[in-house]
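A.B. asks:
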Ligand code: ZN
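Residue numbers (our numbering): 713 to 1147.
(1) Measuring from the CB of residue 735, is there a heavy atom of ligand 1 at a distance below 7 angstroms?
(2) Could you check the C-alpha separation between residue 762 and residue 1016 for me, to the nearest Å?
(3) Taking Cβ positions, are residue 771 and residue 968 nearer each other than 8 angstroms?
(4) Look at residue 916 and residue 865 and say whether their C-beta atoms are less than 8 angstroms apart.
(5) Secondary structure at residue 1001, three-state DSSP: helix, strand or coil?
(6) Would you call the CB atoms of residue 835 and residue 718 closer than 8 angstroms?
(7) Would you kindly report the start and end of the unbroken beta strand (DSSP E) that includes residue 941?
(8) Taking the straight line between their C-alpha atoms, what separation do you get for residue 936 and residue 767?
(9) Verify the contact flag: residue 838, CB atom, against every heavy atom of ligand 1, threshold strictly below 7 angstroms.
(10) Short of 6 angstroms in beta carbon distance, which residues of its chain neighbour residue 752, apart from the five on each side in sequence? Order them along the chain.
(11) Measure the alpha-carbon distance for residue 932 versus residue 775 and round it to whole angstroms.
(12) Indicate whether residue 798 and residue 944 have their beta-carbon atoms separated by less than 8 angstroms.
(13) If you draw a straight line from the C-alpha of residue 744 to the C-alpha of residue 991, how long is it?
(14) Grab the span of the beta strand (DSSP E) containing residue 841 for me, first residue to last.
(15) What does DSSP give as the partner residues of residue 1090 in its beta bridges?
(16) CA-CA distance, residue 724 and residue 1139?
(17) Can you tell me which residues fall inside 5 angstroms of ligand 1, judged by beta-carbon distance to its nearest heavy atom, and keep chain order?
(18) So, residue 846 versus residue 857, is the Cβ gap smaller than 8 angstroms?
(19) Taking C-beta to C-beta, are residue 979 and residue 1046 nearer than 8 angstroms?
(20) On the criterion of 16 or more Cβ atoms from any shown chain inside 10 Å, does residue 1069 qualify as buried, or is it exposed?
(21) So, at 7 angstroms on beta carbons, what are the nonlocal neighbours of residue 1130 in its own chain, with the 5 sequence-adjacent residues on each side left out?
(22) Classify residue 1012 as buried or exposed, calling it buried when 16 or more other Cβ atoms lie within 10 Å of its own Cβ.
(23) Quick one: grab the DSSP three-state call for residue 1104.
(24) Tell me which residues share the same chain as residue 1035 and place their Cβ nearer than 6 angstroms to its Cβ, disregarding the 5 neighbours each side in the sequence.
(25) Just curious, the alpha helix (DSSP H) that residue 1130 is in, first and last residue?
(26) Which one or two residues does DSSP pair with residue 732 in a beta bridge?
(27) Looking at the strands, I want to know which residues DSSP matches up with residue 741.
(28) Touch check for the segment 810-818 and the segment 970-987: three-plus C-beta pairs under 8 angstroms?
(29) With DSSP collapsed to three states, give me the class of residue 890.
(30) Whole angstroms is fine: what's the gap from residue 961's alpha carbon to residue 1126's?
(31) Taking the straight line between their C-alpha atoms, what separation do you get for residue 1014 and residue 1048?
(32) In or out: residue 786 buried (at least 16 other Cβ within 10 Å) or exposed?
(33) When you compare the CB positions of residue 729 and residue 1099, do they come within less than 8 angstroms of one another, or not?
(34) CB-CB under 7 angstroms to residue 779, same chain, minus the five flanking residues each way: which ones, in chain order?
(35) Jot down the residue ranges of each uninterrupted beta strand (DSSP E) in the segment 1013-1074, minimum 3 residues, whole runs only, in chain order.
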């Protein structure tokens, strides 16, 4: 699938420390292993039935920062993202609105691409829609069947059977164990499974948690002819197959929003581990969910703040980024309407700082020690502080506070600091040149 034009990322002088990230699977901060100078990242993409809201933007921004931190540290990055362009919510929306599901998906993918470009997000190298990967996904399901890790559940409304993953057999016969990714009690898993697309009540399943691998063709639903017969893939096997196809086994980071921990990332890991014999990823990283007007932003509640609407209303993309970056990526927080105003003021203050002449060398303080002093600061030392905060699990609130202080006091090299804001945070302080 076509992506979008990448942002300009200035190269900064000096070296960045190795990135440390919080791993949901272990509950610890860890240094993801970098093999042959390369980090590989898979982030679960959108189901294209509605526009990108600020909660999505917050998630994709977290992984944009991760890529920026690695690149600044001289690590080569390979980034893959999927598009769940066949799924129940998309088909339901298409039915409800009388729009063809492909048209709905194409339109929303185009809008997502435009939103990501306008927000200066690094595009994936591998951008793969489920409809582009049906055959390898069906092959993966077939392989799980042949190994006795999947079973058929008869259907009343389809010609063929649905196929489910066998949790109990997988725990007995593979390296994966339920809870390898998700740090939840089984009772919590059962609740989450029911809430997030699972079907714990379906008769004929061996275990209520067993997830769907393949759905036999139903009247009025899209389907593809494969080794499994006519049908379409389940959600977790789709990501497992696409991720492994794009990045190989045991890639560096599997990422997504916090609501993907269970069942999605647990079972994506289960499928991939069962297929390859190695764990899916080294680190499972999750961004906090963003609320609005007292509740988590959700389609069902309708409390969404859409990225394209905010930008079309005249918001500076750098201000939108700053509004989101004011929160650590793992934080659960609530967007307030005033947040954009606060971020715009901060952006204006930084830009004003850049427009001031460089501080004279004789007036410079030792910026490492002079917090609270009014003396100008050494830009190169500020860049090191920014890098240290970024390497510490992408601590953007500290980075923003550091830059607030530096622009306020003045620096010896404003251009270097502007480069750092653009390179590390994707915040543009220089006037954009007209075409
Ligand atoms: Zn996924």
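No residue lacks a Cβ here, since even glycine has one placed at the ideal position from N, Cα and C.
C.D. replies: Taking the definition as stated:
(1) Along the chain shown, read from residue 1 onward, the residue named residue 735 stands at position 23. No - ligand 1 has no heavy atom lying nearer than 7 angstroms to the Cβ of residue 735.
(2) Taking the chain shown and counting its residues from 1, the one referred to as residue 762 is at position 50. Taking the chain shown and counting its residues from 1, the one referred to as residue 1016 is at position 304. In a straight line, the C-alpha of residue 762 is about 10 angstroms away from that of residue 1016.
(3) Locating residue 771 in the chain shown gives position 59, where the first residue counts as 1. Locating residue 968 in the chain shown gives position 256, where the first residue counts as 1. Contact: yes.
(4) As a working note, residue 916 is residue 204 in the chain shown. As a working note, residue 865 is residue 153 in the chain shown. Yes.
(5) The sequence position of residue 1001 within the chain shown is 289, counting from 1. If DSSP states are grouped into helix, strand and coil, residue 1001 belongs with coil.
(6) Within the chain shown, the letter at position 123 stands for residue 835. Within the chain shown, the letter at position 6 stands for residue 718. Against a cut-off of 8 angstroms, the Cβ pair of residue 718 and residue 835 comes out as a contact.
(7) As a first step, residue 941 must be located in the chain shown, where it is residue number 229. 941-945 is the extent of the beta strand (DSSP E) around residue 941.
(8) Residue 936 sits at position 224 when you count from the first residue of the chain shown. Residue 767 sits at position 55 when you count from the first residue of the chain shown. Rounded to the nearest angstrom, the two C-alpha atoms are 33 angstroms apart.
(9) The sequence position of residue 838 within the chain shown is 126, counting from 1. Checking the Cβ of residue 838 against ligand 1 gives no.
(10) Within the chain shown, residue 752 is the residue found at index 40, counting from 1. For residue 752, where only same-chain residues beyond five positions count, the Cβ hits under 6 angstroms are 790, 959, 963, 964.
(11) Residue 932 sits at position 220 when you count from the first residue of the chain shown. Residue 775 sits at position 63 when you count from the first residue of the chain shown. So the alpha carbons of these two residues sit roughly 37 angstroms apart.
(12) On the chain shown, residue 798 is found 86 positions in, with the first residue counted as 1. On the chain shown, residue 944 is found 232 positions in, with the first residue counted as 1. The answer is yes: Cβ separation under 8 angstroms.
(13) Counting from 1 along the chain shown, the entry for residue 744 is found at position 32. Counting from 1 along the chain shown, the entry for residue 991 is found at position 279. C-alpha separation (whole angstroms): 14 angstroms.
(14) Walking along the chain shown from the start, residue 841 turns up at place 129. Counting along the chain, the beta strand (DSSP E) containing residue 841 begins and ends at 838-841.
(15) Counting from one through the chain shown, the residue named residue 1090 turns up at place 378. Residue 1090 pairs with nothing; no bridge assigned.
(16) One-based indexing of the chain shown puts residue 724 at position 12. One-based indexing of the chain shown puts residue 1139 at position 427. C-alpha separation (whole angstroms): 15 angstroms.
(17) 756, 951
(18) Position 134 of the chain shown holds residue 846. Position 145 of the chain shown holds residue 857. No. Outside cutoff.
(19) Position 267 of the chain shown, counted from the first residue, corresponds to residue 979. Position 334 of the chain shown, counted from the first residue, corresponds to residue 1046. No, they are not a contact pair.
(20) Indexing the chain shown from 1 puts residue 1069 at position 357. Exposed, by the Cβ-count rule.
(21) On the chain shown, position 418 is the one that residue 1130 refers to. The answer, listed in chain order, is 1066, 1141, 1142.
(22) Taking the chain shown and counting its residues from 1, the one referred to as residue 1012 is at position 300. So residue 1012 ends up on the exposed side.
(23) Position 392 of the chain shown, counting from 1, holds the residue named residue 1104. It is a strand residue.
(24) In the chain shown, residue 1035 corresponds to position 323, counting from 1. Same-chain partners within the cutoff: 1051, 1052, 1055.
(25) Against the chain shown, residue 1130 aligns to sequence position 418. Residue 1130 -> alpha helix (DSSP H) spans 1126-1132.
(26) By 1-based counting over the chain shown, the position of residue 732 is 20. The partner list for residue 732 (beta bridge, DSSP) reads 1104.
(27) As a position in the chain shown, residue 741 is number 29, starting the count at 1. Partner(s): 734.
(28) no
(29) On the chain shown, residue 890 is found 178 positions in, with the first residue counted as 1. Note: residue 890 maps to coil in three-state DSSP.
(30) Position 249 of the chain shown, counting from 1, holds the residue named residue 961. Position 414 of the chain shown, counting from 1, holds the residue named residue 1126. Their Cα atoms are separated by approximately 43 angstroms.
(31) Taking the chain shown and counting its residues from 1, one reaches residue 1014 at position 302. Taking the chain shown and counting its residues from 1, one reaches residue 1048 at position 336. Rounded to whole angstroms, residue 1014 to residue 1048 spans 16 angstroms at the Cα level.
(32) Taking the first residue of the chain shown as position 1, residue 786 is located at position 74. Classification of residue 786: exposed, given that the 10 Å Cβ count is below 16.
(33) Your numbering for residue 729 matches position 17 in the chain shown. Your numbering for residue 1099 matches position 387 in the chain shown. Yes, the pair counts as a contact, with Cβ atoms nearer than the cut-off.
(34) Along the chain shown, read from residue 1 onward, the residue named residue 779 stands at position 67. If we look at residue 779 and ignore the five residues flanking it on each side, its Cβ neighbours are 753, 789, 791, 834.
(35) 1045-1047
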